[in-house]
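Numbering (this note's numbering), first residue to last: 449 to 557.
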């Protein structure tokens, strides 16, 4: 599922039913993913919030909530999710409606 989600997000092909299916499945097993898998998933989830052809169609609240769960699953989210945090910083500047949630993620790490 993680590989499929990665392909869907990076392909820029709008396929929301498949993305939602992947997100739902990964949400169920979030805490059982390996550290490497979680490190791969975090930036993909932030990209879902950033990509214009996807962001309007994805439930931002669910994505942010799952990101918070990822942050809680790790002892050191600052180190483990460095790539995702860089993306979150740019998201914080460019998406005013997500700014409060993004700040929570950035400051709880």
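Here a beta-carbon is modelled for each residue, glycine too, at the ideal position from N, C-alpha and C. These figures come from a predicted structure and were not determined experimentally.
Item, Value
"Tell me the DSSP secondary structure of residue 549 in three-state form.", "helix"
"Assuming residue 537 contacts residue 478 (C-beta within less than 8 Å), just tell me the rounded distance between them.", "Contact flag wrong, Cβ pair sits at about 23 Å."
"So, under 8 Å CB-CB, residue 481 and residue 470 are touching, yes? Tell me the CB distance rounded to an integer number of Å.", "With 8 Å as the limit, residue 481 and residue 470 do not qualify as a contact, their Cβ atoms being about 13 Å apart."
"How should residue 534 be labelled, buried or exposed, when 16 other C-beta atoms within 10 angstroms of its C-beta is the threshold for buried?", "exposed"
"For residue 489, which of 546, 552, 449, 555 has the nearest alpha-carbon?", "449"
"List, from N- to C-terminal side, the alpha helix (DSSP H) runs of 4 residues or more that fit wholly inside the segment 470 to 532.", "483 to 498, 500 to 503, 508 to 521, 525 to 528"
"Any idea what DSSP makes of residue 464, helix, strand or coil?", "helix"
"Taking Cβ to Cβ, would you say residue 464 is nearer than 9 Å to residue 512?", "no"
"Between which two residues does the alpha helix (DSSP H) holding residue 454 run?", "450 to 459"
"For residue 558 and residue 525, what's the separation of their Cα atoms in angstroms?", "The requested residue 558 does not occur in the structure, where the chain is confined to residues 449 to 557."
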